[in-house]
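Novice: Listed in order, the protein sequences are those of chains B, H, U and Z. Everything in the first sequence is counted per the numbering used here, starting at 101 for the first residue and increasing by one. Everything in the second sequence is counted per the numbering used here, starting at 101 for the first residue and increasing by one. Everything in the third sequence is counted per the numbering used here, starting at 101 for the first residue and increasing by one. Everything in the fourth sequence is counted per the numbering used here, starting at 101 for the first residue and increasing by one. Below you will find the structure I want to go over with you.
Protein chains: 4
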Amino acid sequence: MKLSVEKIIEQNQKWLETHEAAYNFLAEKLEKNGTDVEHILKKLKDLQVAIPSWALGAGGTRFGRFSYKGEPATLEGKISDVGLLHSLTQSAGAISLHIPWDIPEDANAIKEFAASLGIEFDAVNSNTFQDQPRMKKSYRFGSLCNSDPSVRELAIQHNLDVINIGEKLGSKSLTVWLADGSNFPGQHNFQEALQNTRDSLQHIYKSIRDDWKLFIEYKPYEPNFYSTVIQDWGTSLMLAEACGDRAYTLVDLGHHLPNTNIEQIVATLMMKGKLGGFHFNDSKYGDDDLTVGSIKPYALFLIWNELVYGMEHNKNNPSPAWMIDASHNIKDPLEDLLQSLEAIQIAHAQALLVDQNALREAQKQQDVVLCQEILQDAYRTDVRPLLREARLQSNAAIEPIATYRALDVRNQIIKERGLHSVASGL
Amino acid sequence: MKLSVEKIIEQNQKWLETHEAAYNFLAEKLEKNGTDVEHILKKLKDLQVAIPSWALGAGGTRFGRFSYKGEPATLEGKISDVGLLHSLTQSAGAISLHIPWDIPEDANAIKEFAASLGIEFDAVNSNTFQDQPRMKKSYRFGSLCNSDPSVRELAIQHNLDVINIGEKLGSKSLTVWLADGSNFPGQHNFQEALQNTRDSLQHIYKSIRDDWKLFIEYKPYEPNFYSTVIQDWGTSLMLAEACGDRAYTLVDLGHHLPNTNIEQIVATLMMKGKLGGFHFNDSKYGDDDLTVGSIKPYALFLIWNELVYGMEHNKNNPSPAWMIDASHNIKDPLEDLLQSLEAIQIAHAQALLVDQNALREAQKQQDVVLCQEILQDAYRTDVRPLLREARLQSNAAIEPIATYRALDVRNQIIKERGLHSVASGL
Amino acid sequence: MKLSVEKIIEQNQKWLETHEAAYNFLAEKLEKNGTDVEHILKKLKDLQVAIPSWALGAGGTRFGRFSYKGEPATLEGKISDVGLLHSLTQSAGAISLHIPWDIPEDANAIKEFAASLGIEFDAVNSNTFQDQPRMKKSYRFGSLCNSDPSVRELAIQHNLDVINIGEKLGSKSLTVWLADGSNFPGQHNFQEALQNTRDSLQHIYKSIRDDWKLFIEYKPYEPNFYSTVIQDWGTSLMLAEACGDRAYTLVDLGHHLPNTNIEQIVATLMMKGKLGGFHFNDSKYGDDDLTVGSIKPYALFLIWNELVYGMEHNKNNPSPAWMIDASHNIKDPLEDLLQSLEAIQIAHAQALLVDQNALREAQKQQDVVLCQEILQDAYRTDVRPLLREARLQSNAAIEPIATYRALDVRNQIIKERGLHSVASGL
Amino acid sequence: MKLSVEKIIEQNQKWLETHEAAYNFLAEKLEKNGTDVEHILKKLKDLQVAIPSWALGAGGTRFGRFSYKGEPATLEGKISDVGLLHSLTQSAGAISLHIPWDIPEDANAIKEFAASLGIEFDAVNSNTFQDQPRMKKSYRFGSLCNSDPSVRELAIQHNLDVINIGEKLGSKSLTVWLADGSNFPGQHNFQEALQNTRDSLQHIYKSIRDDWKLFIEYKPYEPNFYSTVIQDWGTSLMLAEACGDRAYTLVDLGHHLPNTNIEQIVATLMMKGKLGGFHFNDSKYGDDDLTVGSIKPYALFLIWNELVYGMEHNKNNPSPAWMIDASHNIKDPLEDLLQSLEAIQIAHAQALLVDQNALREAQKQQDVVLCQEILQDAYRTDVRPLLREARLQSNAAIEPIATYRALDVRNQIIKERGLHSVASGL
């Protein structure tokens with residue numbers, strides 16, 4: 101199903117008057133304080149966050165999974181769902197495919213279909229953490245790190261296949277997330293596992309085209325519970341540097357030990373020009389993959405504050421690839437993604453509101469109270485009118501979730517796909 | 101030094117116009133949605149948070165301490181500082197003393213002086229974690245838990261002395277925080293240490309008057325690094341129940357293991373009618389004692405959401421004693437406390453904004469998306485105009501920190517006390 | 101398949117001489133120091149640890165599962181596997197069933213089959229964290245805590261059914277582990293969820309026979325990632341006390357926040373007479389469910405030290421029900437369980453070696469160095485000869501894993517069941 | 101005071117017979133299994149662990165400090181205490197000084213005195229986390245990272261002074277531990293703080309002689325509680341590489357976030373040839389600075405397993421500088437250090453026992469059960485007879501703590517220094 105601009109504009113009428121009053125009041129106040137509101141609106145409108153193809157169905161845990169209604173059982177269905185999100189927000193203009201769950205039979209047709217919805221193909225993701233039917237070797241004991249060279253070859257070849265698919269669709273980057281690690285002390289020779297991984301990544305890196313990037317993700321634990329080969333940003337950066345200029349570190353918010361200062365990692369990586377990609381989600385305990393901003397919205401703002409700063413000051417760092425990587429275990433996946441998109445843009449807008457000149461001056465004066473006041477003033481501002489205005493100007497929905505509900509989208513999807521349609525892949 | 105109402109009102113003129121526009125806009129919007137703004141203002145004005153006497157000087161770490169300028173070297177000085185905070189906010193109308201750091205020589209005179217500033221005496225705090233000069237026994241291996249009965253007696257007697265001082269000042273509760281614990285496996289017999297602590301607390305409990313309460317604090321670690329006798333709320337509650345009806349658990353935000361869901365503990369304790377006191381601060385790693393709301397403001401809001409709910413629904417639970425328990429290592433302590441008071445009231449106001457009826461209905465419908473939207477709508481609202489209005493109506497400062505700076509308070513304090521005046525106590 | 105005593109005794113010959121020399125040397129040394137070696141051997145022989153029926157196949161994570169070879173596809177197969185473990189160790193004489201994964205078609209026949217292998221039926225486990233085919237209601241939003249009374253009724257009835265099955269098999273206890281909780285702030289009304297859970301448990305408790313016990317498990321997170329209704333021992337104890345005398349708390353080693361002092365919880369629960377059951381496993385990050393003793397063997401010893409102390413001193417506490425609750429993701433499940441049994445008995449033996457009198461005296465003297473020396477002396481002793489002797493005396497294998505491999509057990513199982521046999525249940 | 105070899109040998113008679121029986125039994129068993137016991141003894145005898153000068157007095161927490169009896173009030177006293185430890189163990193043949201707490205008035209005399217006790221001067225440690233009397237600038241807001249260049253210059257100059265002192269004493273390395281960081285979001289510009297730190301370290305690095313090394317320590321938090329400039333090994337390595345070949349990372353066991361896999365970090369750093377120094381201690385919650393091996397002895401063994409492997413295979417990595425960095429809050433500091441030395445050597449010996457060839461083969465076969473068995477077999481071996489034999493052969497004490505107590509060393513120290521002598525420095 102597809103949402104027409106007309107329907108969205110029609111819905112917007114409900115909130116238009118209230119919105120305009122709130123927006124005008126806020127914009128006036130901000131401009132009085134020297135904020136360039138138009139600049140912020142432009143930034144909000146420009147930001148496009150990729151939706152991963154595996155996020156359109158319900159996720160689960162090792163204890164089971166509760167399917168949602170009308171999940172997309174095909175790649176077209178997934179793209180169509182991203183199209184809905186994009187229509188409602190004009191900020192979800194890309195999809196990130198997971199291979200082998202989303203191999204297109206006819207790449208050109210898929211590409212055209214996506215283009216018709218305004219959707220591009222972001223980074224492609226390889227999967228060497230699960231065995232596929234008819235595989236001759238198993239990833240049980242790792243893939244790119246495996247002490248068995250024939251398994252490493254299999255995993256390298258899989259990545260090359262993924263690149264090949266990505267090229268056909270117009271992707272420009274490969275994201276490698278490795279589950280490789282060990283469950284017990286002694287299982288791995290750490291140095292060998294790391295060297296094997298480095299060699300394998302270098303092999304893959306050599307195969308990507310000059311206009312492609314390689315993103316190397318890190319994670320401290322899960323699904324291995326003693327060690328992970330690429331356990332932290334330091335290891336990822338080491339590997340990226342061992343590959344070359346177009347290899348970068350990818351930060352996933354959930355992939356950190358308790359209490360990690362992630363915003364500082366972001367700052368360090370951007371200073372080095374090596375922050376390539378960013379996966380949004382939220383968590384309280386581990387890699388919980390909850391809705392963005394649902395647990396620690398202030399931390400998200402602090403991270404965005406570094407991202408905004410880095411995009412302005414670290415010209416050697418490319419514009420990061422943005423993606424939501426959450427698991428929608430109990431909510432309607434589309435509503436959940438709308439909540440995530442909203443949270444990302446709120447933190448983005450708050451970060452754009454930070455008076456960077458005043459902050460630098462307060463830092464110089466070592467006026468810690470004032471530094472905090474400046475950040476909190478931006479954070480405490482209710483920036484939702486800015487988001488609504490950006491969407492309004494883009495013909496998206498002032499209120500995406502309310503519009504989604506008012507237009508009864510889920511039920512129409514169910515009608516099309518059936519109640520028990522199950523998302524392909526995980 | 102003392103701040104006159106006139107000076108504050110004079111300063112308020114600077115922000116009056118801007119404030120009124122913002123307040124009116126917000127109030128109108130909220131009332132349109134059915135919110136009783138007057139009710140919220142009343143709640144904000146009613147809330148009084150105690151300032152601990154040890155918070156008026158700079159705190160430190162085991163690696164050292166950087167003194168601040170013009171710290172109060174006497175109890176009068178500390179009360180005077182709280183008076184400044186109260187003048188600026190009208191929400192810091194109490195002080196919580198720490199014995200033996202703050203033993204008044206003339207209790208009546210101190211009481212009158214405090215009253216002249218609108219300051220009451222909140223819970224008194226005993227100290228059995230440090231040895232005092234000329235003590236015959238040492239708390240090195242614990243106090244109320246000590247396997248040596250003569251040390252336990254000393255610690256019990258100290259608590260009785262503290263109660264006695266508190267009675268003279270008009271306090272109505274005793275807070276017991278115990279550092280008691282062990283640094284190494286084997287050091288303690290856990291069961292005996294717990295039983296000794298229970299017996300000691302029962303002894304103390306029997307000595308408090310009928311209109312007093314006993315607050316039992318818990319903490320998982322520090323200054324002992326293997327075990328703490330009262331390690332969690334479960335142990336505290338067990339002890340409070342072993343004492344009697346007027347013994348309660350006290351929650352300090354920093355006293356939890358990583359990732360603890362504190363708001364759930366609050367809800368459980370209020371359901372049991374056993375949440376007696378609450379210590380505010382913030383932290384990223386451990387008991388960091390940072391400015392309230394400076395790290396995890398959303399968690400603070402969620403906690404306030406339970407507090408507001410419990411104060412409404414759990415009539416068996418008394419109104420908790422509120423206190424800020426932070427350590428001001430690098431900021432002007434008074435400015436730091438103003439930031440903490442602001443953060444507490446922001447979270448309080450946001451919690452008061454939660455549409456409880458809509459939330460209950462959404463919970464009943466198991467509409468998780470809507471539940472989250474309702475909480476986040478309250479949280480994302482910029483409630484600062486409500487705080488400013490509450491202060492304005494109370495003849496406090498619209499902008500406490502800016503007023504404090506405009507009136508050059510710190511320099512006047514330094515003039516009175518000297519640059520190198522050092523706070524008594526820790 | 102079944103292992104005859106003769107085959108095991110035959111294998112034992114390989115190690116007999118070496119073992120006897122080592123055992124005699126150790127026993128002599130210990131007895132010289134006043135240790136009653138016979139008493140320790142008796143304790144080791146008496147301890148029987150239940151194997152859960154879900155542990156005989158490979159476990160997995162949310163990222164997938166790698167099946168092992170020759171997993172038991174039937175309840176008989178599972179019991180048969182436990183029989184192998186018991187033959188090899190004489191310390192795995194019980195199985196703990198999971199309903200509905202293990203509903204026996206003919207309870208009497210199953211009971212007889214188990215008895216023929218020396219296997220009893222330990223606690224039965226209910227499952228209200230997954231929906232079963234043809235269920236009319238869903239546990240998606242919880243079971244015993246659900247705000248929908250019809251779901252609560254379903255979950256209560258399921259527990260009654262489980263009790264019924266357990267009674268037929270000779271079980272004497274029900275273990276309730278609830279996944280109930282919430283993924284997002286606002287989803288739950290904490291107080292209502294807890295009250296519903298309490299009411300449901302009371303209902304179940306009333307239905308168990310006088311010679312049965314109810315074990316209430318707690319867990320801070322997973323599969324819900326914001327809150328769990330029974331989040332900690334304090335909540336579990338509160339619920340057990342609300343049920344009655346035969347309701348107890350069950351401790352699972354993996355169900356704690358980072359850095360929790362579990363041995364102290366054990367001591368507190370035994371002091372209250374409320375430690376009913378114990379689930380062994382090990383973990384580095386969360387509920388990793390790794391082989392017992394593979395990550396933190398000293399913590400395991402410290403826990404055993406409290407268990408041994410409590411079983412000696414807390415006569416009001418019943419003998420806890422022991423179970424291994426690990427997940428065997430990459431090892432042969434039977435070898436993994438043999439490693440777990442070994443680790444449990446090693447820690448048990450070390451704890452039995454602790455000179456309790458000397459420890460109490462050192463504690464009394466507050467000689468912390470000596471307290472630590474006493475515990476570490478026991479821990480640093482190589483107690484494996486004691487385990488081997490206990491097994492030898494019981495006609496079990498001196499070296500269980502080596503014997504299992506020498507007898508080529510796994511290949512014989514594969515021959516019986518086929519390579520791709522998959523365990524029923526999770 | 102000084103312990104003569106004769107007295108120690110005399111004490112050794114008590115344990116000689118028992119020791120020899122135990123040693124012979126173990127050595128025979130090990131050699132039968134192909135272990136080169138002489139090689140292990142040599143390694144144990146060769147290992148020398150530096151004692152930091154600040155560890156000879158009682159440590160404390162921010163809540164206070166309980167002094168121990170007869171603490172060394174002078175540098176000579178500290179060296180003398182290290183001499184006692186070295187006499188008792190022959191494995192504490194170095195002291196690590198902390199400047200400005202330990203500035204020698206007469207470097208040559210101090211050097212000679214130390215030499216007379218067999219004590220060398222290990223790495224010197226600078227202190228830029230505390231202000232000293234009469235300092236014109238403050239480190240309140242950082243030192244090498246400070247946004248004020250004049251504070252950076254002061255801190256750099258202090259490090260140059262420390263190098264100068266170290267050169268006079270024969271030290272060959274400088275350890276830089278920085279408390280630099282921030283307590284609140286916004287306080288620091290992360291990128292600038294890191295760049296300032298890099299520039300300052302490069303300046304210091306240029307000033308060290310060709311035969312010196314620079315060790316850069318990292319720590320995630322404390323005494324700053326929001327961010328630390330050198331927060332992890334990745335940042336430390338980046339800075340070491342920015343300085344040059346003789347700059348290295350220093351690992352302190354307590355300086356990690358919860359659940360960090362430290363042994364993997366060790367392996368990575370040794371692979372890079374960049375592990376320069378190692379600080380031993382133990383902890384349950386944070387940087388608890390407890391006795392080595394008192395909480396997580398298996399983790400210590402796993403770390404030693406990587407250290408032994410790396411020293412064998414990573415010839416590009418220099419032999420790390422070993423030091424104990426613990427805080428002795430409630431024990432006799434000398435007894436505490438003896439316990440730490442014992443724990444280090446136990447883990448070292450266990451690691452030397454690991455059958456590396458069998459382990460590599462099991463890893464190659466991906467026989468995870470066997471990998472674990474190999475490590476645990478080494479760990480479960482009671483290696484204390486090897487330590488005792490190594491000490492016996494070196495004319496040190498078979499039982500250091502018992503000898504220390506039998507010779508009544510502490511009381512003799514108290515006689516010399518007085519009961520209330522307080523250690524200089526922190």
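Built from N, CA and C at the ideal position, the CB exists for glycine as well. It should be emphasised that the depicted structure is a prediction, and the values quoted were computed from it without experimental measurement.
Would you call the CB atoms of Gln291(Z) and Met371(B) closer than 8 Å?
Specialist: Taking the first residue of the fourth sequence as position 1, residue 291(Z) is located at position 191. Taking the first residue of the first sequence as position 1, residue 371(B) is located at position 271. Their beta carbons are under 8 Å apart, which means Gln291(Z) touches Met371(B) by this criterion.
Novice: Taking the alpha helix (DSSP H) that Pro249(U) belongs to, which residues open and close that run?
Specialist: Position 149 of the third sequence, counting from 1, holds the residue named residue 249(U). It spans 249–269 - the alpha helix (DSSP H) in which Pro249(U) sits, taken as one unbroken run.
Novice: Let me make sure I understand the geometry here. Which of Ser196(H), Tyr321(H), Tyr479(H), Leu301(H) has the alpha-carbon closest to that of Gly344(H)?
Specialist: The sequence position of residue 344(H) within the second sequence is 244, counting from 1. Here the closest residue by C-alpha is Leu301(H).
Novice: For Phe284(Z), which three-state DSSP category applies?
Specialist: What you label residue 284(Z) is simply residue 184 of the fourth sequence in a count that begins at 1. Phe284(Z): coil per DSSP, three-state reduction.
Novice: Got a sec? Which residues, its chain only, sit under 8 Å from Asp474(Z) by beta carbon, not counting five neighbours each side?
Specialist: As a first step, residue 474(Z) must be located in the fourth sequence, where it is residue number 374. According to the sequence as given, residue 474(Z) is Ile; it is not Asp. Within the same chain, Ile474(Z) has close Cβ partners Val454, Asp455, Ala458, Leu459, Ala462.
Novice: If I measure Cβ to Cβ from Thr335(U) and keep anything under 7 Å in the same chain, skipping five residues before and after, which residues do I get?
Specialist: Taking the first residue of the third sequence as 1, we reach residue 335(U) at position 235. Counting only Cβ-Cβ distances below 7 Å, and skipping sequence neighbours, we find Tyr318.
Novice: Quick one: list the residues of chain Z neighbouring Gly164(H), beta-carbon separation under 7 Å, in chain order.
Specialist: The count along the second sequence starts at 1 and reaches residue 164(H) at position 64. Result: Phe229, Gln230.
Novice: Could you tell me which of Gln450(H), Pro204(H), Tyr348(H) sits nearest to Gln476(H), measuring between CA atoms?
Specialist: Position 376 of the second sequence, counted from the start, is the residue given in the question as residue 476(H). Cα-wise, what sits closest to Gln476(H) is Gln450(H).
Novice: For a quick check, are the C-beta atoms of Lys384(U) and Tyr398(Z) less than 8 Å apart?
Specialist: Taking the third sequence and counting its residues from 1, one reaches residue 384(U) at position 284. Taking the fourth sequence and counting its residues from 1, one reaches residue 398(Z) at position 298. The beta carbons of Lys384(U) and Tyr398(Z) sit no closer together than 8 Å.
Novice: Who are the near neighbours of Ser307(B) in its chain, counting only those whose CB is closer than 7 Å to its CB and skipping five residues on each side?
Specialist: To locate residue 307(B), count along the first sequence from 1; it is residue 207. If we look at Ser307(B) and ignore the five residues flanking it on each side, its Cβ neighbours are Leu260, Ile263.
Novice: Would you say Asp146(U) lies against chain H (beta-carbon separation less than 8 Å)?
Specialist: In the third sequence, the residue the question calls residue 146(U) occupies position 46. It does not: the Cβ of Asp146(U) has no partner Cβ on chain H nearer than 8 Å.
Novice: Taking the Cβ atom as the reference point for each residue, do Ile362(U) and Ile403(U) lie within a distance shorter than 8 Å?
Specialist: Position 262 of the third sequence holds residue 362(U). Position 303 of the third sequence holds residue 403(U). Yes, these two residues count as a Cβ contact at 8 Å.
Novice: For Met49(B), count neighbouring C-beta atoms within 10 Å of its own C-beta (all shown protein chains included) and say buried if the count is 16 or more, exposed if not.
Specialist: The requested residue 49(B) does not occur in the structure, where chain B is confined to residues 101 to 526.
Novice: If distances are taken between C-alpha atoms only, which option among Gly377(Z), Thr368(Z), His428(Z), Asp280(Z) comes closest to Asp352(Z)?
Specialist: As a working mapping, residue 352(Z) is identified with position 252 in the fourth sequence. Measuring C-alpha to C-alpha distances from Asp352(Z) to each of Gly377(Z), Thr368(Z), His428(Z), Asp280(Z) identifies Gly377(Z) as the nearest.
Novice: Distance, Cα to Cα, Arg162(H) vs Thr228(Z)?
Specialist: Locating residue 162(H) in the second sequence gives position 62, where the first residue counts as 1. Locating residue 228(Z) in the fourth sequence gives position 128, where the first residue counts as 1. Roughly 14 Å between the two C-alpha positions.
Novice: Kindly indicate which three-state DSSP category Trp277(B) falls into: helix, strand or coil?
Specialist: Translated into positions along the first sequence, residue 277(B) becomes position 177. Coil at Trp277(B), not helix or strand.
Novice: Would a check of beta-carbon distances place Ile430(B) closer than 8 Å to chain U?
Specialist: Indexing the first sequence from 1 puts residue 430(B) at position 330. Answer yes: the Cβ-Cβ gap between Ile430(B) and chain U drops below 8 Å somewhere.
Novice: Does chain B have any CB closer than 8 Å to the CB of Tyr321(U)?
Specialist: In the third sequence, residue 321(U) corresponds to position 221, counting from 1. So, interface residue.
Novice: Which residue comes first and which comes last in the alpha helix (DSSP H) that contains Met370(H)?
Specialist: On the second sequence, position 270 is the one that residue 370(H) refers to. Run containing Met370(H): 362–371, per the alpha helix (DSSP H) assignment.
Novice: Taking contact to mean at least 3 C-beta pairs separated by less than 8 Å, is the stretch 481–488 of chain H in contact with the stretch 167–177 of chain H?
Specialist: no
Novice: Across which residues does DSSP place Ala347(U) in a beta bridge pair?
Specialist: In the third sequence, residue 347(U) corresponds to position 247, counting from 1. Per DSSP, Leu314(U).
Novice: For Val468(B), return the contacting residues in chain H, with the cut-off set at a CB-CB distance below 8 Å.
Specialist: For the purposes of this step, residue 468(B) is taken as residue 368 along the first sequence, with counting starting at 1. In chain order: Ile430, Lys431.
Novice: How about Ile219(U) and His186(U): are their beta carbons less than 8 Å apart?
Specialist: The residue labelled residue 219(U) in the question sits at position 119 within the third sequence. The residue labelled residue 186(U) in the question sits at position 86 within the third sequence. For Ile219(U) and His186(U), yes; Cβs fall inside 8 Å.
Novice: Shortest alpha-carbon distance to Asn324(B) belongs to which of Ile256(B), Ser167(B), Tyr504(B), Phe284(B)?
Specialist: Residue numbering aside, residue 324(B) sits at position 224 when the first sequence is read from its first letter. Here the closest residue by C-alpha is Phe284(B).
Novice: Using the rule of at least 16 other Cβ atoms within 10 Å of the residue's Cβ for burial, across every protein chain shown, is Val105(H) buried or exposed?
Specialist: The residue given as residue 105(H) occupies position 5 in the second sequence. Exposed: under 16 other Cβ atoms inside 10 Å.
Novice: Under 7 Å Cβ-Cβ, which residues of chain U neighbour Asp482(Z)?
Specialist: For the purposes of this step, residue 482(Z) is taken as the residue at position 382 of the fourth sequence. The answer, in chain order, is Arg480, Thr481, Asp482.
Novice: Let's test the definition: count the other Cβ atoms within 10 Å of the Cβ of Gly410(H) and tell me whether it reaches 16, buried, or not, exposed.
Specialist: Along the second sequence, one-based indexing puts residue 410(H) at 310. It is buried - the Cβ of Gly410(H) has at least 16 other Cβ atoms within 10 Å.
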